[in-house]
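In full-length UniProt numbering, the protein residues as written are 1 to 174.
In what follows, a single structure is set out as structure tokens and then discussed.
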């Protein structure tokens, strides 16, 4: 591994830990630099903004969650697969509510960052049936609206969100 890549990973790891410990808003780039044992300017040479660090860190966390969920995925329909994966993802987002909200606010107008990951996920849902782009897109709309609703309600739970998602997916499948 090259020195630049090692430094990049140190910064990313330090930022993720600080975001979890202190929250996104309460974490400064100076703290990240100190935790990664690099200069503040080095942080900015790898990540233009703190939000960029959060986007990459969340992207990596989501990839890990999806791989974890794949290991137990025994579903055959796209809707049931989405519900299966949503259980893992909703739990993650709720347990990281503050910076999940921050991330969603930050990417709403910059969705190209997650487009590749989202397209792979949509195809994963249809891995055992013919891919339907329109249905996959509508299913993802249901998923993201449920996620936004869940993150907006301080009392929401994974089970409530899964129930809401299931109800929406039933309408899509009719």
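Just so it is clear, CB atoms sit at the ideal spot from N, CA and C, and this is done for glycine as well.
Collapsing the DSSP output to three states places residue 88 in a helix.
In the structure shown, the three-state DSSP call for residue 81 is helix. Residue 41 sits exposed, since fewer than 16 C-beta atoms from the chains shown fall within 10 Å of its C-beta.
With 16 or more neighbouring CB atoms inside 10 Å of its own CB, residue 83 falls in the buried class. Distance from the CA atom of residue 19 to the CA atom of residue 39, rounded to whole angstroms, is 19 Å. Excluding the 5 residues flanking it on each side, residue 44 has same chain C-beta neighbours closer than 8 Å at 29, in chain order. Note on residue 47: 16 or more other CB atoms within 10 angstroms of its CB, so buried under the neighbour-count rule. Per DSSP, residue 1 lies in no alpha helix (DSSP H) and is assigned neither H nor E. At a Cβ-Cβ threshold of 8 Å, residue 15 and residue 53 count as neighbours. About 10 Å separates the Cβ atoms of residue 129 and residue 79, ruling out a contact at the 8 Å cut-off. If you compare the alpha carbons of 94, 89, 49, 1 with that of residue 155, the shortest gap goes to 94.
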